[in-house]
Amino acid sequence: MNKVENEWEACRYFDEDVDDCALNPNMCLNGGICMNTPGSFSCVCVNGWDGTYCAHNEDDCQQMPCYNGGICYDRVGYFECECPMGKTGLRCHLEDACLSNPCFAGASCETSPIDGEPICACKTGRQGRDCSLDVDECKERYTGTNCDSEIDECITSTGRSPCFNGGVCQDHINRFSCSCPAGFEGTTCQIDINECESSPCKNAAKCIDSINKYTCQCEKAEDSPCEHGGTCVNTNGSFFCQCPVGFSGNFCEKNINECNSDPCQNDGTCLDETGKYSCLCMPVWGVYLVRFVCLTRDYSFSMLISTGPLCEQDINECAGTNLCRNGGTCSNTIGSYICSCVSGYEGRQCERNHDDCESSPCLNGGTCVDGIASYTCSCVSGFGGNHCENDIDECASNPCINNGTCTDYVDSFTCTCKPGFSGTFCHINDNDCSQSLCLNKGKCIDQVNGFTCKCAKGYTGKHCQQRIDPCDSNPCMNGSFCYNQVSTYVCNCPYGYTGPRCESFVDWCTQKPCQNQATCKQIANNFKCSCPDGWTGRLCDVRSVFCHRAAALKGKYNLDHLKKKISISVKKLCKNGGTCKNKNKSHVCNCAKGFQGSYCESKINECLSGACMNGATCTDLVGGYYCQCAKGFLGISCEMNIDDCAKDPCANGGICHDLIDDFHCSCPPGTAGLLCEVNVNECLLNTCHNGGTCVDKVNGFECNCPLGFVGKRCEGDVNECLSNPCDPHGTWDCVQLINDYRCDCKPGWTGKICNMWVTCAQSPCKHGGTCKDTKNGATCTCASGYTGQFCHVQMSACDPNPCRNQGTCTVTASGYSCLCPRGSVGVHCERDTIDESLNRPCINGGTCMERIDEHLQFKAAPNVFLMNAANELSLKCTWKGNKSLRLVQVKSIQIMKETEQGFEEIASLKHPDDTNMTSVQTHPKYDIEVTYWRHQNCFTLSVLFTKPSLRDAGKYTCLAVEADAIGSSFNVNASLNVTSKEDCSVDQWYFGPKTYNNRKYYLSKFGALDIDDAVSRCVSLGGYLMEINDEAEFYIANDLAANTNVDRAFIAGSDAKVENYWIYPRTGQPLTFLKWRSGQPDNLNFEDCLEIGFKKNEKDNNDIQCSFDNAFFCEIESTRSN
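Read in order, the letters of the sequence shown are residues 2 to 1123 in our numbering.
Written out as structure tokens, the structure is:
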């Protein structure tokens, strides 16, 4: 290396041009020729090398010359292809014709690498291209009428012997051989042996070959036989040569190789010269910088590692340019040097970043990302920690409310709720009310794990099933009997009492009950007659005489003789079968049953005592009564209410309430119908997660979870590794999978749970792999095209990924292709095309390090959709058709992405006119969720990228095609902008909003085609058909309709499943507020939907046909986007 003495000399070199090739004749490596240029130089490289110094071996595999997954091996100036099974040819471009076994009769097959055709080597007795023909030995080997004479192969068709130059032919079976004369050889003696080949002539004589002999033509005497300037010395009959230094041999014809003694040390190269040698000491190649005052240039250099005639003197390689890269420290050794690398680097010159991921430090399926002397673990969802060793506790944030118990699973959790609560977070207070729980117009009020009934006036009981009995307060006095009369009571007073409550005595004496001038005296609730002499009895109506005298006195006057009485019989003195008895100088009548009075003259009315109960009709009988019971009662006095609940008519746990000749079922939540016989289906869309199957239950559901998932809704992913299924000795890491686990084994171990130690005796290496027993067990060296611990995985053209800079590798028919991220191009995405740092993305003094696609920004431009690169990436194509709502027909809507090759379709919808849908559409490159909706004459196709990444960036264009009334199509706009607000704004189509309880409410300005159309239009707003839960929401609807031309509108409500059992269709829950119009609901013509009317004096609910063209209300939760 020539040293620049001072700066002025350097400037002189700069001014006068230095011959760089003369300064460093070995500048160009690997046979390259150095060409000096003004101020520099260039190397003309031989085939296979390139680069400034011809130091780079051209990658002949870069253009992927090997087809069909063939593996390319780069050589100097050429390449070799190792073809997979079934392929052959220089580029693996030909099918292996031998795979189809084209050769017959056991012939061996080889495939021509030129044209791929099979080459069949036939066995004896077979012939033809594919050895399918049988050799006719009669024709080829025998002759004669009976094929009894063997063919003499020594006689040709011309009659001549096949052996040339006098060779003797010997006949064999189906062949011949030639015995050649002296001087000839070959199968047919066709080759003349060159007898001069052994150089038999001496003294530089010329050898002339003849048949089986040679002739030496001697040199003339005046010509010296000694070569290389040797001196010829004549002797008697001969001569000898005195050779100069460096030659030997009889004629000095041999150059002595002085390098045979290997005199050069320290890997120096010995150069043989005439009579001497020289040592070319081994160089080390590198680059150094020469800094001048006027310029800075870099030069290639070759630095010797030793010097001296025999390269015996060691040179300090570390004294000059630092050979160690990346901060490594150089230490000189004899004939070489050693680099002590800083942490994170390795290699002879510390040129390689050490793979810190080599030990597989990341657990639980985490991906290791190598750094400089460090690594980071990118954990799968649900795991954290430096090594992904921690199962993240999703319960740490206390997601379960209302005292629910949280159970942690992998990237999930489940909440076990207290009674009365449900939902993913136990956030739902279960509705324990049903429409039939409270009787007699009682209102059900939901509680936590229960309910209360607010009863209408006159009713009580848990279900308002009991009419309040006014007799319960014991309003009737003086031992009177109280009768319940619905809203009042009647007191049946005992003898001598009167008044509404039997609170007063009957004033008997005012009724003058005492006869025959007797005196009446009131005694409490009774009276007493003080009879004059000659009279007795309760009323003083009985004479103080015996029976016969009384009978005489009771006689009747004869009509002919008025002054003459006719006495009556004593037996007839007492009426109605009574019997007269003398008693205490008087008489008494003992009356028959059912009669009373002094002479049994009055019939007793047993019905007056209120003997018949519960509205029965009483028929008085002699000495008794008969009760004709009302429906639902029985018993002598109709005192018993027939138990209509005796047969348990209520299904599904309904509570039966016995009524009069009827019953009522209070149905538990989740049931409906008169008998609670309808089990409302709680299995709504997506009730069970992770593929769970929903089974409807009474007032609930049950999810049959697939294996590996648990929880009320199968939301918990079980970590199968928690049971430690993997063998601890042979396992490096357990990776949790869905309903499974994977044990990643340590070297030398295998098996499902890594419990099997593998040795070569078990022949573990597959597909031709070579096995070697080591301290870590059997180690397999795989044949080309296979990988894995035991060579069990067949590699594809993308293994390992040849695409750089996060390019995506795709296997093709000819090998593979790389889909490059934005900012890189090339066969392997190896070239960076955009300097993202030019727009200065780093602020606040930050330093920008430009990398491929590192600072990609999502920008809005004409015909380009705005994308958010932070968390979500979404596109929305909105188009406003013509003004006729019912005539617009859209043939297709498409979202296209602009690429270098043209436009790529991302999502499309054919004939979407009457469709509202959300679906996950598959795409070779994109994970997308596509939503389409339509309201009025606005059509929207929305795409949400569910797994956004940089590959999704770019320009997108919307295309819509509209069809007219007769079906012809035309482009509405070949490249659409995002529709402006006034085209499809909410204000154009809806009144509102009104806000209440974190919700917004809208009323349509137009009529929906039917209830389904109304629902879909509310969904397109981001909400649902309005669900009125209380009186406040009812009046919000009225306020929205005020001062508009809308006089009726759909709200949420349906009794399509069970007549008169109204539910919210979205949730399946019963309606909690209804204000029916008089005479409604009437189910006229199958009216299964619900509306509100706003005509004067009709601001109330009405049932309506679902197919009716009607306005509608929409409700949007505040957390939803509009």
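Quick reminder that beta carbons are idealized off the backbone N, C-alpha and C, glycines included.
Where residue 898 falls, given that 16 or more other Cβ within 10 Å makes a residue buried: Along the sequence shown, read from residue 1 onward, the residue named residue 898 stands at position 897. By the Cβ-count criterion, residue 898 is buried, with 16 or more other Cβ atoms from all chains shown falling within 10 Å of its own Cβ.
Alpha-carbon to alpha-carbon, residue 1079 and residue 1091: Here residue 1091 is taken as the residue at index 1090 of the sequence shown, counted from 1. Here residue 1079 is taken as the residue at index 1078 of the sequence shown, counted from 1. Approximately 15 Å between the Cα atoms of the pair.
Residue 696, enclosing beta strand (DSSP E) - first and last residue: Within the sequence shown, the letter at position 695 stands for residue 696. Here the beta strand (DSSP E) through residue 696 covers 694 to 698.
Simplified DSSP state of residue 794, which is helix, strand or coil: Numbered from 1 along the sequence shown, position 793 holds the residue referred to as residue 794. The answer is strand: DSSP assigns residue 794 an E or B state.
Same chain, Cβ closer than 7 Å to residue 392, five either side skipped, listed in chain order: On the sequence shown, residue 392 is found 391 positions in, with the first residue counted as 1. Excluding positions up to five away in sequence, the list reads 383, 384, 411, 720.
Residue 361 Cβ short of 8 Å to the ligand HEM heavy atom set: As far as ligands go, the structure on display features none, and thus does not contain the ligand HEM.
Proximity to residue 685 [Cα-Cα], best of 996, 703, 127, 775: Your numbering for residue 685 matches position 684 in the sequence shown. Considering only alpha carbons, the answer is 703.
Residue 677 to residue 1061 span [Cα, whole Å]: Here residue 677 refers to the residue found at position 676 of the sequence shown. Here residue 1061 refers to the residue found at position 1060 of the sequence shown. Rounded to the nearest angstrom, the two C-alpha atoms are 13 Å apart.
Delimiting residues of the beta strand (DSSP E) encompassing residue 211: Stepping through the sequence shown from its first residue, residue 211 is reached at position 210. Per DSSP, residue 211 belongs to the beta strand (DSSP E) from 207 to 211.
Separation of residue 706 from residue 465, as counted between CA atoms: Mapped onto the sequence shown, residue 465 falls at position 464. Mapped onto the sequence shown, residue 706 falls at position 705. Taking the straight line joining both Cα atoms gives about 41 Å.
Beta-carbon contacts of residue 570 that lie in its chain and below 7 Å, excluding the five residues immediately before and after: Within the sequence shown, numbered from 1, the residue matching residue 570 stands at position 569. Only 552 meet the Cβ criterion.
For residue 779 and residue 744, the rounded distance between their alpha carbons: Here the question's residue 744 lines up with position 743 in the sequence shown. Here the question's residue 779 lines up with position 778 in the sequence shown. About 18 Å.
DSSP three-state assignment for residue 469, whether helix, strand or coil: Mapped onto the sequence shown, residue 469 falls at position 468. DSSP places residue 469 in coil when its eight states are reduced to three.
Proximal residues to residue 545 (C-beta, below 7 Å), its chain only, five neighbours per side dropped: Position 544 of the sequence shown holds residue 545. Around residue 545: 535, 536, 537, 586, 587.
Classification of residue 169 by the beta-carbon crowding that lies within 10 angstroms, buried from 16 upward: Stepping through the sequence shown from its first residue, residue 169 is reached at position 168. Result: exposed.
Euclidean distance between Cα positions of residue 651 and residue 493: Looking up residue 651 in the sequence shown gives position 650. Looking up residue 493 in the sequence shown gives position 492. Between residue 651 and residue 493, the C-alpha separation is close to 38 Å.
Under 9 Å between C-beta atoms of residue 728 and residue 749: Taking the sequence shown and counting its residues from 1, the one referred to as residue 728 is at position 727. Taking the sequence shown and counting its residues from 1, the one referred to as residue 749 is at position 748. Contact flag unset, no.
Residue from 254, 127, 212 whose Cα sits closest to the Cα of residue 1: What the structure shows of the chain is the stretch from 2 to 1123, and residue 1 is not part of that stretch, so it cannot be assessed.
Residue 344 in three-state terms, based on DSSP: Translated into the one-based positions of the sequence shown, residue 344 becomes position 343. Coil at residue 344, not helix or strand.
Runs of beta strand (DSSP E) lying entirely within the segment 348 to 424, each at least 3 residues, in chain order: Qualifying beta strand (DSSP E) stretches, in chain order: 368 to 371, 376 to 379, 406 to 410, 413 to 417.
Simplified DSSP assignment, three categories, for residue 1115: Position 1114 of the sequence shown, counting from 1, holds the residue named residue 1115. Residue 1115: strand per DSSP, three-state reduction.
C-alpha gap between residue 52 and residue 369, whole angstroms: The sequence position of residue 52 within the sequence shown is 51, counting from 1. The sequence position of residue 369 within the sequence shown is 368, counting from 1. If you take the alpha carbons of residue 52 and residue 369, they lie about 34 Å apart.
Residues sharing a beta bridge with residue 35, DSSP: Within the sequence shown, residue 35 is the residue found at index 34, counting from 1. Paired residues: 44.
DSSP state of residue 274 mapped onto helix, strand, coil: Here residue 274 corresponds to residue number 273 of the sequence shown, with the count starting at 1. When secondary structure is reduced to three states using DSSP, residue 274 falls in the strand class.
Residues near residue 807 by beta carbon distance below 7 Å, same chain, minus five either side: Against the sequence shown, residue 807 aligns to sequence position 806. Here the set comprises 822.
Spatial neighbours of residue 186 in its chain, beta-carbon cut-off 7 Å, leaving aside the 5 residues before and after: Mapped onto the sequence shown, residue 186 falls at position 185. Excluding positions up to five away in sequence, the list reads 192, 194.
Reference residue 990, options 787, 689, 1047, closest by Cα: Within the sequence shown, residue 990 is the residue found at index 989, counting from 1. Minimum Cα distance to residue 990 is reached at 1047.
Start-to-end residues for the beta strand (DSSP E) that takes in residue 1037: In the sequence shown, the residue the question calls residue 1037 occupies position 1036. Counting along the chain, residue 1037 falls outside any beta strand (DSSP E), though it belongs to the alpha helix (DSSP H) covering 1032 to 1042.
Local conformation of residue 261 per DSSP, three classes: Here residue 261 refers to the residue found at position 260 of the sequence shown. Note: residue 261 maps to helix in three-state DSSP.
Burial state of residue 420, where buried means 16 or more other Cβ atoms lie within 10 Å: Taking the sequence shown and counting its residues from 1, one reaches residue 420 at position 419. Residue 420 is exposed by the Cβ-count criterion.
Bridge-paired residues (DSSP) for residue 1094: In the sequence shown, residue 1094 corresponds to position 1093, counting from 1. The secondary-structure analysis by DSSP pairs residue 1094 across a beta bridge with 1049.
Beta carbon of residue 93 nearer than 9 Å to that of residue 99: On the sequence shown, position 92 is the one that residue 93 refers to. On the sequence shown, position 98 is the one that residue 99 refers to. Not in contact: residue 93 and residue 99 (Cβ atoms no closer than 9 Å).
Whole-angstrom C-beta distance between residue 1042 and residue 1053, which should lie under 8 Å: Taking the first residue of the sequence shown as position 1, residue 1053 is located at position 1052. Taking the first residue of the sequence shown as position 1, residue 1042 is located at position 1041. Incorrect: roughly 16 Å between the Cβ atoms, too far for contact.
Touching by the beta-carbon criterion (3+ pairs, under 8 Å), the segment 442 to 457 and the segment 752 to 762: No, because fewer than three Cβ pairs between the segment 442 to 457 and the segment 752 to 762 fall closer than 8 Å, the two stretches do not touch.
Cβ-Cβ distance between residue 504 and residue 485 below 9 Å: Counting from one through the sequence shown, the residue named residue 504 turns up at place 503. Counting from one through the sequence shown, the residue named residue 485 turns up at place 484. Not a contact, by the Cβ cut-off of 9 Å.
CB contact flag (residue 681, residue 672, <9 Å): One-based indexing of the sequence shown puts residue 681 at position 680. One-based indexing of the sequence shown puts residue 672 at position 671. It is a contact, given that the beta carbons lie within the stated cut-off.
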